[in-house]
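Working notes for the structure below.
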Amino acid sequence: MSLMDDNVIPGNYGKVFGTDANETADLLAIKEALLKLDGISNIAIDDNIFPKEFNVHTDKIVKIEAIEDVVKSLGFHAIPKSLFEL
Numbered sequence: 020m021s022l023m024d025d026n027v028i029p030g031n032y033g034k035v036f037g038t039d040a041n042e043t044a045d046l047l048a049i050k051e052a053l054l055k056l057d058g059i060s061n062i063a064i065d066d067n068i069f070p071k072e073f074n075v076h077t078d079k080i081v082k083i084e085a086i087e088d089v090v091k092s093l094g095f096h097a098i099p100k101s102l103f104e105l
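If you want the working numbering, it's the 1-based position in the sequence shown plus 19.
Following this line, the structure appears as structure tokens:
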């Protein structure tokens, strides 16, 4: 794969993930857990759409797999959206 496919790169856009968590409390738990990861600076949750999404902003390179593992440990899934939709 490539650097951009396997990692969240620092910058203004971040990386958007879809999740199967629906409750506000679950989304906040995901946010709190992810903010503990080294390199993650902000999580923006979009709970006005279905499925719910969150945008991860970093201040250094963070592996997507690490983000997925944290969310899985809470009993949910995090699916990264592709960089360019077709």
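By construction, the Cβ of each residue, glycine as well, lies at the ideal position given by its N, Cα and C atoms.
Using a 10 Å radius around the Cβ and a threshold of 16 neighbouring Cβ atoms, would you call LEU55 buried or exposed?
Start at 1 with the first residue of the sequence shown, and residue 55 comes out as number 36. Note that residue 55 is Lys in the sequence shown here, rather than Leu. With fewer than 16 other Cβ atoms within 10 Å, it is exposed.
Can you tell me whether GLU72 is buried or exposed, with buried defined as 16 or more other CB within 10 angstroms of its CB?
Looking up residue 72 in the sequence shown gives position 53. The residue in question, GLU72, is buried, as its Cβ has 16 or more Cβ neighbours within 10 Å.
Can you have a look at LYS91 and say buried or exposed, based on whether 16 or more other CB atoms are within 10 angstroms of its CB?
The residue given as residue 91 occupies position 72 in the sequence shown. Classification for LYS91: exposed.
Hey, ASP57 and VAL81: beta-carbon distance below 9 Å or not?
For the purposes of this step, residue 57 is identified with residue 38 of the sequence shown, where counting begins at 1. For the purposes of this step, residue 81 is identified with residue 62 of the sequence shown, where counting begins at 1. Cβ atoms of ASP57 and VAL81: closer than 9 Å.
If you drop the 5 nearest sequence neighbours on each side, which residues of the same chain put their C-beta closer than 7 Å to that of ALA63?
Counting from one through the sequence shown, the residue named residue 63 turns up at place 44. Same-chain partners within the cutoff: PHE73, ASN74.
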